[in-house]
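Input: a single structure, listed below in structure tokens.
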Amino acid sequence: MEDKDKKGLVGRFFSRKKKPEELPEKPLASGDKPLAIEENAAEADKADSSTVAQESPVVNGADRETAALDEDSQQVNESAGLFSRLKKGLSKTRQRFVGTLDGLFYGKKEIDEEFLEQLEEILLTSDLGVQTSYRLFAEVEERVSHQALEDPKQLRLFLQQEIQKILQTAEQPWEINHKPYVIMAVGVNGVGKTTTIGKLAAIFAAQGKEVLLGAADTFRAAAIEQLEVWAERAKVPIIRQKMGADPAAVCFDTVQSAVSRGADVAIIDTAGRLHTKVNLMDELKKMKRVIEKALPGAPHEILLVLDANTGQNAINQARMFHEALGINGLVMTKLDGTAKGGVIVGVCDELKLPVRYIGIGEQLDDLRPFKAADFVNALFDRV
Ligand SMILES: Nc1nc2c(ncn2[C@@H]2O[C@H](COP(=O)(O)OP(=O)(O)OP(=O)(O)O)[C@@H](O)[C@H]2O)c(=O)[nH]1
Ligand SMILES: [Mg+2]
């Protein structure tokens, strides 16, 4: 029975291998699959230019073509620039994970028992997370035992392809489908919530959306001022109360104000660590309830911010927040300069949540849409 099952698996594997569309993908430009929010912006642009085209179709058509070509080449340059920045940001993660794998693969022509033992150790001590590492290793072992993977080069490609499959599930369009669309940013202290909110506000504002920020981290000294600085940078208004005020009351004010102003998006900042006696999850649950009271159906997105530097701890944090609040999407920050970026694979594999954006620096434009293919190519590129 077991043998028959195994044969079935192998049979499936061999037939899968023949399908060209399942072979590892070529590097893609980062603009390949834009998020829905970008598509909406593109739709709006299209609508504008079609009005002009009706007035003078020939001249404007030619102009539009030239402009489109300019825009295309600009986009190609931009995505090449972004890719090299992502690659630079991921260099320590690449050295730690893929570099160690390549060290094992170097000069080896075949996969023997010793090789597999070393591979298992590398996977288990990587930042991918224990569950994901075990699963990946079991898949490798299964294929090796049936000669479906015969040399280290094939194995490297197989791992790259499997990791890309995991990450691909996290690349989903973010549809801003309510007005106002209320986002509540949560996460433990110091992960980059406030910074991410500032960057997100700038992204939405650049798409022509009316954005409103809510400073509901009323606990930490200077938290409100920090969000105010970001609001100024992104040129968006902010709702605040005094330090020490009830954060749920700030949430209520923010949502009410977003409704009365006709804002498109309201983003609420929350504290990562609360003073003793107050349980963080209970406080966040209360804020969620109050937001819902102010606007039924809201918050539309509870966005969990995770810091890549925390490594496998990020997986535990994600589980904890998801259980308590029900998370809709993730942002993984500080992927620049960390060696632990591999944790994004474990988080995606275990949580099955969309990764909305990744943070690759401290500046306003350092928040990027998550593109699985770019990420994997940047990670597996040879140094
Ligand atoms: N290198 C790098 N630094 C980042 C990134 N995102 C945030 N930071 C930095 O991380 C630090 C903490 O960011 P905050 O936005 O204050 O984090 P927070 O989660 O709001 O922190 P609390 O309000 O204390 O819970 C700041 O110094 C940010 O500049 C990133 O993508 N890359
Ligand atoms: Mg903060």
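Under numbering that gives the first Met the number 0, residues 0 to 382 are what the sequence shown spells out, in order.
Yeah, the Cβ is synthetic: ideal placement off N, Cα and C, and Gly gets one too.
Here the structure is a predicted model, which is why all the values come from computation and not from measurement.
Inset, instruction - Identify every residue that forms a DSSP beta bridge with VAL210. - result: DSSP lists VAL264 as the bridge partner or partners of VAL210.
Inset, instruction - Quickly, what does DSSP pair ALA184 with across the bridge? List them, please. - result: By DSSP's assignment, ALA184 forms a beta bridge with LEU302.
Inset, instruction - Compute the minimum distance between the beta carbon of ALA270 and the heavy atoms of ligand 1, and state whether it is under 7 Å. - result: At least one heavy atom of ligand 1 sits closer than 7 Å to the Cβ of ALA270.
Inset, instruction - Identify, in the order they occur along the chain, each residue of the same chain with its Cβ nearer than 6 Å to the Cβ of ALA201, setting aside the five sequence neighbours on each side. - result: Taking ALA201 as the centre and dropping the five residues before and after it, the same chain places the C-beta of ALA233 and LEU363 closer than 6 Å to its C-beta, in chain order.
Inset, instruction - Report the residue from LEU303, ILE267, PHE369 and PHE251 whose alpha carbon sits nearest the alpha carbon of GLU210. - result: Note that residue 210 corresponds to Val in the displayed sequence, not to Glu. Closest option to VAL210, Cα to Cα, is ILE267.
Inset, instruction - Please list, in chain order, all residues of the same chain as ILE36 whose beta carbon is under 7 Å from its beta carbon, the five residues on each side excluded. - result: Interpretation of ILE36 is limited by its pLDDT of 28, a score under 50 that renders its predicted location unreliable; no figure is taken from the coordinates.
Legend entry - 8 Å Cβ shell around LEU103 - same chain, five flanking residues per side excluded: These residues qualify, in order along the chain: PHE114, GLN117, LEU118, ILE121 and PRO151.
Inset, instruction - In angstroms with no decimal places, state the Cα-to-Cα distance between GLY310 and VAL304. - result: For the pair GLY310 and VAL304, the Cα-to-Cα distance works out to about 13 Å.
Legend entry - Sheet register partners of LEU329 (DSSP bridge): Listed as beta-bridge partners of LEU329 by DSSP are LEU303 and VAL354.
Legend entry - Rounded Cβ spacing between ILE301 and MET331 (contact assumed at less than 8 Å): Contact between ILE301 and MET331 does not hold, since their C-beta atoms are separated by about 16 Å, which reaches or exceeds 8 Å.
Inset, instruction - State the DSSP-derived secondary structure class of LYS370, mapped to helix, strand or coil. - result: In the three-state DSSP reduction, LYS370 falls in the coil class, being neither helix nor strand.
Inset, instruction - Determine the direct distance from the alpha carbon of ARG93 to that of ILE110, and round the result to whole angstroms. - result: Cα-Cα distance, rounded: 22 Å.
Legend entry - Any heavy atom of ligand 4 nearer than 5 Å to the CB - residues listed: Here the bound small molecules are ligand 1 and ligand 2; ligand 4 is not part of this structure.
Legend entry - Residues near PRO236 by beta carbon distance below 6 Å, same chain, minus five either side: Closer than 6 Å at the Cβ level, and outside the excluded window around PRO236, lie LEU211.
Legend entry - LYS339: CB within 7 Å of a non-hydrogen atom of ligand 1: Result no, Cβ not under 7 Å from ligand 1.
Legend entry - Bounding residues of the alpha helix (DSSP H) (the contiguous stretch that carries ARG232): Per DSSP, the unbroken alpha helix (DSSP H) holding ARG232 starts and ends at 222 to 233.
Legend entry - Nearest to ARG219 (by Cα), restricted to the options PHE374, ASP263, PHE251 and THR269: The residue with the shortest Cα to Cα distance from ARG219 is THR269.
Inset, instruction - Could you name the residues of the same chain whose beta carbon sits closer than 8 Å to that of ALA317, not counting the 5 residues immediately before and after it, in chain order? - result: Here the set comprises LEU303, LEU305, ILE326, LEU329, VAL346, GLU349, LEU350 and LEU352.
Inset, instruction - Just tell me which of THR131, GLY340 and ARG355 has its CA closest to the CA of PHE379. - result: Measuring from the Cα of PHE379, the nearest candidate turns out to be GLY340.
Legend entry - ILE314 - DSSP class collapsed to helix/strand/coil: Secondary structure of ILE314 (DSSP, three-state): helix.
Legend entry - Coarse secondary structure for ILE359, derived from DSSP in three states: Shown here, ILE359 sits in coil according to DSSP, grouped into three states, outside any helix or strand.
Inset, instruction - Would you kindly work out how many angstroms separate the C-alpha atoms of ALA265 and ALA371, rounded to a whole number? - result: Taking the straight line joining both Cα atoms gives about 27 Å.
Legend entry - Residue interval of the alpha helix (DSSP H) (run including SER144): Element bounds for SER144: 129 to 144.
Inset, instruction - Return the first residue and the last residue of the alpha helix (DSSP H) that MET280 is part of. - result: Following the DSSP letters along the chain, one finds MET280 inside the alpha helix (DSSP H) bounded by residues 279 to 293.
Inset, instruction - Give a single yes or no on whether THR332 has its beta carbon closer than 7 Å to a heavy atom of ligand 1. - result: Yes - ligand 1 has a heavy atom lying nearer than 7 Å to the Cβ of THR332.
Legend entry - Pairwise C-alpha distance: GLU227 and GLY296: Taking the straight line from one Cα to the other gives about 27 Å.
Legend entry - ALA215 versus MET183 - alpha carbon distance: If you take the alpha carbons of ALA215 and MET183, they lie about 10 Å apart.
Inset, instruction - Kindly list the residues whose CB is nearer than 7 Å to the CB of ILE314, restricted to its own chain and excluding five residues on each side of it in sequence; keep chain order. - result: Result list for ILE314: GLY128, VAL342, GLY345, VAL346 and GLU349, in chain order.
Legend entry - Alpha-carbon spacing of VAL187 relative to GLU112, whole angstroms: Computed Cα separation, rounded: 42 Å.
Inset, instruction - Could you tell me which residues DSSP pairs with ILE237 in its beta bridges? - result: In DSSP, ILE237 forms a bridge with LEU212.
Legend entry - From PHE369, ARG272 and GLN171, residue whose alpha carbon lies closest to that of THR217: Of PHE369, ARG272 and GLN171, the smallest CA-CA separation from THR217 is found for ARG272.
Inset, instruction - Assign ALA297 to one of three DSSP states: helix, strand, or coil. - result: When DSSP states are grouped into helix, strand and coil, ALA297 belongs to the coil group.
Legend entry - Validate contact between the stretch 241 to 260 and the stretch 157 to 174 using beta carbons, cut 8 Å, 3 pairs: With the cut-off at 8 Å, the stretch 241 to 260 and the stretch 157 to 174 do not touch.
Inset, instruction - Report whether the distance from the Cβ of ARG93 to the nearest heavy atom of ligand 1 is below 7 Å. - result: The answer is no for ARG93.
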